[in-house]
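Our numbering puts the first residue of the sequence shown at 8, with every later residue one more than the last.
The structure under discussion appears below in the form of structure tokens.
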Amino acid sequence: MFNLVLRSPLQQALDLIRGNNVLLLMDSSLEGQYTNEDATKLVELASKCLQSEARDRPNTKFLLTAVAPFPKQKEVASKVLMGLQKTTAVLPTMLSPLAKACGRMDLCAVHTILLKTGYKDDEGAENELSFQEWTQQVQEIMNTKKFGDIAFRDKDFNNAIDYYSKLVLLMSHSATVFARRALSYLMNGQPELALRDAMQAQVCNHEWPTAFYLQALALFKLGMETDAQDMLNDGAAFEEKKQNSWRG
């Protein structure tokens, strides 16, 4: 179930949940370990976490309370649960500076890289703003973005979170905004919220390596090293694919 949340666009995952019998969504190795009632509750909880609007999703405290009654399972890699043979991931020869920084959990280096990258990976975002620049609403968007970027640059991560949170309610979703807020959450010791934002960045830009690297970083911070390494590998693979497409 965890991999479904991480790797599928939110609406696609919701449609998958709605269209299947509850027990069909669970790994076969878990059969008999949960009652039908518990399995139903787990799937309902997962569907709440996949809501597109942030206000409709449960917070971390609610989730911890909700899962407390369920039997605690030892963390096992998804490949093992699915009965797949473990294979060694082949990484590109040269990892990008961002991939290396996330792999060693160097938050300061990640901050520097995101700051230098700016918004160049947000397709069409700047054109949309400039086209409507004369409206009051867009002026508010631009001011909020400006103050958020200044706070992020100055490592004032509390204010960066506040401004970027306002920004996601004012404008069409931006992968870069979610990525910057994700790192701000990590700087504030909130890896669960960082993971959620990194996943949202992936929804905005499905093959954006940065989104995968930030998910890996958040998962490392949460102690989920197997899933973190998988995410790091996926990001590196997408980065290599992108570089190969540039070469022609």
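For every residue, glycine included, the Cβ atom is placed at its ideal position computed from N, Cα and C.
Quantities reported herein were computed from a predicted structural model and do not represent experimental measurements.
Residue range of the alpha helix (DSSP H) that includes residue i
i	result
Pro-216	216 to 228
Lys-152	143 to 160
Arg-188	182 to 194
Leu-121	114 to 124
Met-1	Absent from the structure is residue 1, since the part of the chain shown begins at 8 and ends at 255.
Leu-102	Leu-102 -> no alpha helix (DSSP H), and no H or E assigned at all.
Gln-197	No alpha helix (DSSP H) contains Gln-197, which DSSP labels as neither H nor E.
CB-CB length for residue i against residue j, believed under 8 Å
i	j	result
Ser-181	Asp-129	5 Å
Met-178	Ile-148	5 Å
Leu-190	Leu-105	Not a contact, Cβ separation roughly 11 Å.
Tyr-220	Gly-196	The pair is not a contact, with the Cβ atoms about 19 Å apart (cut-off 8 Å).
Phe-227	Met-194	That belief does not hold up - the Cβ atoms of Phe-227 and Met-194 are roughly 15 Å apart, past 8 Å.
Ala-225	Pro-198	5 Å
Contact set for residue i: own chain, Cβ-Cβ below 7 Å, skip 5 residues either direction
i	result
Asn-212	Asp-128, Ala-182 and Ala-218
Thr-124	none
Gly-110	Leu-239
Leu-102	Ala-243
Same chain, Cβ closer than 6 Å to residue i, five either side skipped, listed in chain order
i	result
Glu-82	Residue confidence is low: Glu-82 scores 49 on pLDDT, short of 50, so the model does not pin down where it sits. Its coordinate-derived value is still stated next. Answer for Glu-82: no residue qualifies.
Tyr-192	Leu-200 and Ala-201
Ala-116	Ala-108
Asn-66	none
Gln-58	Arg-64
Asp-7	Past the edges of the chain, shown from 8 to 255, lies residue 7, and the structure says nothing about it.
Ala-167	Gly-155, Ala-158, Phe-159 and Ser-191
Sub-8 Å separation of residue i and residue j beta-carbons
i	j	result
Leu-174	Leu-202	no
Gln-222	Ala-205	yes
Leu-2	Ala-73	Lying before the first or after the last residue shown, residue 2 is absent from the chain, which here runs from 8 to 255.
Gln-209	Trp-215	yes
Lys-170	Thr-151	A quick correction: the sequence has Tyr, not Lys, at residue 170. The answer is yes: Cβ separation under 8 Å.
8 Å CB neighbourhood of residue i in its chain, flanking five on each side removed
i	result
Arg-160	Leu-122
Ser-172	Arg-188
Ala-186	Leu-121, Asp-204, Ala-205, Ala-208, Thr-217, Ala-218 and Leu-221
Asn-251	none
Lys-248	Glu-214
Leu-70	Leu-52 and Cys-56
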